Amino acid sequence: MAATADHSTTGASAPAYYVSTPIYYVNDRPHLGHAYTTVAGDVLTRWHRQRGEKVWYLTGTDEHGQKIMRTAEANGVSPQEWCDKLVEEAWKPLWEHLEIANDDFIRTTEERHTARVQEFVQDLFDKGEIYKGGYSGPYCVGCEEFKLPSELLDGATEDEKLCSVHKRPVEWLEEENYFFRLSAYGPRLLEFYAANPDFIQPASARNEVLRFVEQDLKDLSISRSTFDWGVPLPWDEKHVLYVWVDALQNYITAAGYGSDPERFAELWPASVHLVGKDILRFHAVIWPAMLMAAGLPLPKRVVANGWLMVGGEKMSKSNLTGIAPTDLTSHFGVDAYRYYFLRAIPFGTDGSFSWEDFTARYTSELANDFGNLASRVAAMVGKYFDGALPAATAHGEAEQAIADGLARAVDTADRKIGEELDFAGGLAAIFEFVKQVNGYLTEQEPWKVAKDDSEEGRARLATILYTAAEALRATAVLLNPVMPSTAEKLWTSLGAEAAGLGALSAQTVATAADWGRLPAGATVTKGEILFPRLEEKPAA
Ligand code: MSP
Numbered sequence: 001m002a003a004t005a006d007h008s009t010t011g012a013s014a015p016a017y018y019v020s021t022p023i024y025y026v027n028d029r030p031h032l033g034h035a036y037t038t039v040a041g042d043v044l045t046r047w048h049r050q051r052g053e054k055v056w057y058l059t060g061t062d063e064h065g066q067k068i069m070r071t072a073e074a075n076g077v078s079p080q081e082w083c084d085k086l087v088e089e090a091w092k093p094l095w096e097h098l099e100i101a102n103d104d105f106i107r108t109t110e111e112r113h114t115a116r117v118q119e120f121v122q123d124l125f126d127k128g129e130i131y132k133g134g135y136s137g138p139y140c141v142g143c144e145e146f147k148l149p150s151e152l153l154d155g156a157t158e159d160e161k162l163c164s165v166h167k168r169p170v171e172w173l174e175e176e177n178y179f180f181r182l183s184a185y186g187p188r189l190l191e192f193y194a195a196n197p198d199f200i201q202p203a204s205a206r207n208e209v210l211r212f213v214e215q216d217l218k219d220l221s222i223s224r225s226t227f228d229w230g231v232p233l234p235w236d237e238k239h240v241l242y243v244w245v246d247a248l249q250n251y252i253t254a255a256g257y258g259s260d261p262e263r264f265a266e267l268w269p270a271s272v273h274l275v276g277k278d279i280l281r282f283h284a285v286i287w288p289a290m291l292m293a294a295g296l297p298l299p300k301r302v303v304a305n306g307w308l309m310v311g312g313e314k315m316s317k318s319n320l321t322g323i324a325p326t327d328l329t330s331h332f333g334v335d336a337y338r339y340y341f342l343r344a345i346p347f348g349t350d351g352s353f354s355w356e357d358f359t360a361r362y363t364s365e366l367a368n369d370f371g372n373l374a375s376r377v378a379a380m381v382g383k384y385f386d387g388a389l390p391a392a393t394a395h396g397e398a399e400q401a402i403a404d405g406l407a408r409a410v411d412t413a414d415r416k417i418g419e420e421l422d423f424a425g426g427l428a429a430i431f432e433f434v435k436q437v438n439g440y441l442t443e444q445e446p447w448k449v450a451k452d453d454s455e456e457g458r459a460r461l462a463t464i465l466y467t468a469a470e471a472l473r474a475t476a477v478l479l480n481p482v483m484p485s486t487a488e489k490l491w492t493s494l495g496a497e498a499a500g501l502g503a504l505s506a507q508t509v510a511t512a513a514d515w516g517r518l519p520a521g522a523t524v525t526k527g528e529i530l531f532p533r534l535e536e537k538p539a540a
């Protein structure tokens with residue numbers, strides 16, 4: 001878990017802004033698709049921390065079920081050994097590398113999870129929400145899900161049917177299982193969606209769920225007896241719990257359900273469950289129904305992101321298109337990586353990754369617009385004022401336009417990133433402001449004003465450079481959730497902390513637009529280049 005700012009800014013029992021990612025299957029190593037959601041959640045939670053709110057960010061791993069069991073078998077190790085290895089060697093190190101500031105990491109094989117899961121299902125069983133029955137149908141191990149015949153694609157032979165997500169043959173499963181009375185929850189779910197129009201986002205995801213629930217819901221098979229890699233049902237240990245019913249509960253077991261009532265009251269219901277669009281029904285239909293059955297409150301929002309695509313298909317390990325995030329961070333750097341996907345793809349829609357597009361944005365937005373601005377301003381304060389930030393004694397209309405532009409950028413970014421999860425829109429607003437500051441310098445031509453030694457000339461030059469440095473001060477605050485290392489470098493180069501403003505993490509979004517926070521006299525130094533020129537593209 002990466003180090004984070006002090007989160008304890010509010011009282012112990014105030015509700016926290018709680019965001020979760022899906023917990024990832026550890027049958028394989030993470031690829032760009034997994035990192036996409038985790039970075040988005042990290043930016044969202046860092047943004048709320050920057051608002052001064054109490055925040056809790058949860059991620060973790062989904063370790064039971066047939067898919068993991070078969071992978072372990074194929075690799076000649078026990079499922080637990082396989083999970084331990086992948087979690088420690090692949091998943092946790094990646095999140096650290098990407099500077100993910102999660103507050104907890106839950107693994108579904110941990111006892112703090114399995115013990116609570118057993119209590120939860122026992123409670124549903126005792127309430128008559130679970131019964132024994134039989135089921136047969138096509139099952140996709142990749143999805144760990146029974147499929148409807150109408151959802152399948154034709155395979156190579158007449159009898160073969162393929163999963164539409166994995167493009168792999170489904171298996172016929174016939175078992176005596178325990179069932180959850182999901183069918184009873186249709187009307188209550190529809191009522192809930194109607195009363196909470198923001199519960200499922202974006203609108204396309206909401207519509208899909210509504211259409212699905214408006215048809216008759218079927219009861220859900222929640223146990224398996226043909227293999228044993230899972231949580232045993234406490235009342236019938238020949239069965240293990242269906243991996244999805246086990247996994248969904250991570251959101252409450254990690255939050256203290258059944259173990260720490262005070263913490264649970266503070267954290268639950270979650271503010272946002274971030275999910276990929278392929279796992280929307282589990283989160284927006286099955287999970288809410290399970291919570292209703294248990295008498296627990298429902299999460300406030302389920303937000304579905306689209307897929308990262310390669311060659312028109314969902315990027316995935318199973319079709320060998322999974323790209324490791326480190327293949328990109330080694331070239332572009334971690335901060336540019338965190339920025340790129342959120343800036344380039346509107347959250348909620350599918351998007352394609354391309355090396356060329358990443359390079360173009362890196363060069364024009366990060367290196368030229370933003371990085372150059374920071375280094376030019378620091379260089380000029382060094383050259384014309386020996387590195388001591390001068391006071392703005394001639395603040396006029398042009399400067400006020402910058403201060404106003406900043407207020408607009410903060411307002412828009414706070415709404416779009418903090419509330420609407422429109423990361424692309426929020427970043428666009430911040431970079432619009434960076435462009436405005438560049439335009440201001442081009443118009444004001446401080447390098448020409450510097451030739452005027454009169455008192456008036458010096459005051460003008462001081463004002464221009466102060467204005468640009470103050471704009472950068474605010475930009476560092478706004479970009480801190482997205483590019484924490486870069487923002488920190490900028491903060492150091494502006495001498496902001498030493499001048500009395502305090503740590504970057506202690507700055508709030510609410511005061512970011514208060515013009516004139518950076519004290520005159522701050523020691524501005526050139527510091528590192530924020531976005532160095534890219535090397536040649538490595539050979540494939
Ligand atoms: N273990 C379940 C989730 C349980 S949550 C209680 C699972 N795991 S997964 O590892 O297969 O997928 C996790 C997430 O990664 C899903 O939200 C899925 O949408 C996302 N992605 C996998 N490939 C993706 C892309 N190519 N693009 C974007 N996200 C994708 O499902």
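Under my numbering, the residue at position 497 of the sequence shown is numbered 497, and the numbers go up by one with no gaps. In this text, a Cβ means the ideal position worked out from N, Cα and C, and glycines have one as well. On a predicted model such as this, the values are computed, not experimentally measured, just so you know.
Does the beta-carbon of residue i, which I'm using as the reference point, lie nearer than 7 Å to any heavy atom of the ligand MSP?
| i | result |
| --- | --- |
| L248 | yes |
| H48 | no |
| P22 | yes |
| G311 | no |
| Y17 | no |
| K314 | yes |
| W307 | yes |
| G256 | no |
| Y25 | yes |
| V87 | no |
| I128 | As written in the sequence, residue 128 is Gly, which differs from the Ile given in the question. It does not: the Cβ of G128 is nowhere closer than 7 Å to a heavy atom of the ligand MSP. |
| G348 | no |
| V449 | no |
| H166 | no |
| G33 | yes |
| G230 | no |
| G276 | yes |
Checking 8 Å against the spacing of the C-beta atoms, do residue i and residue j come in under that value?
| i | j | result |
| --- | --- | --- |
| G371 | V524 | no |
| H166 | G142 | yes |
| F542 | M69 | Because residue 542 is not part of the residues shown, which for the chain are 1 to 540, the question remains open. |
| V549 | L248 | There is no way to answer for residue 549, as the model of the chain reaches only from 1 to 540. |
| G76 | Y57 | no |
| A374 | L530 | yes |
| L494 | A520 | no |
| K526 | A379 | yes |
| P169 | E160 | yes |
| M483 | D335 | yes |
| T124 | A289 | What sits at residue 124 in the sequence shown is Leu, not Thr. No; because the gap between Cβ atoms is not below 8 Å, this pair is not in contact. |
| L267 | A16 | yes |
| Y139 | K132 | no |
| L220 | L274 | no |
Starting from residue i and walking both ways along the alpha helix (DSSP H), at which residues does that stretch end?
| i | result |
| --- | --- |
| I130 | Not the alpha helix (DSSP H): I130 falls in the beta strand (DSSP E), residues 130-140. |
| D357 | 355-361 |
| I106 | Taken as a continuous stretch (DSSP letters only), I106 belongs to no alpha helix (DSSP H), being part of the beta strand (DSSP E) at 104-107. |
| H34 | 32-50 |
| M380 | 372-385 |
| A292 | As written in the sequence, residue 292 is Met, which differs from the Ala given in the question. Start and end: 287-294. |
| V524 | That residue, V524, is in no alpha helix (DSSP H); it is neither H nor E in DSSP. |
| I345 | Neither: I345 is in no alpha helix (DSSP H) and is coded neither H nor E. |
| R112 | 111-126 |
| K92 | 92-97 |
| D411 | 397-413 |
| L217 | Premise fails: L217 is in no alpha helix (DSSP H) and is neither H nor E. |
| H331 | 325-332 |
| D84 | 79-86 |
Based on the DSSP secondary-structure assignment, which residues constitute the bridge partners of residue i?
| i | result |
| --- | --- |
| K161 | D154 |
| S223 | L241 |
| Q201 | V303 |
| H273 | S20, V302 |
| A195 | DSSP lists no partner for A195. |
| A388 | T523 |
| P232 | V240 |
| F146 | Y139 |
Which stretch, first to last residue, makes up the beta strand (DSSP E) that contains residue i?
| i | result |
| --- | --- |
| W56 | 55-62 |
| Y17 | 17-20 |
| F180 | 171-180 |
| V310 | 308-310 |
Any heavy atom of the ligand ADP inside 7 Å of the beta-carbon of residue i?
| i | result |
| --- | --- |
| T37 | Here the bound small molecules are the ligand MSP; the ligand ADP is not part of this structure. |
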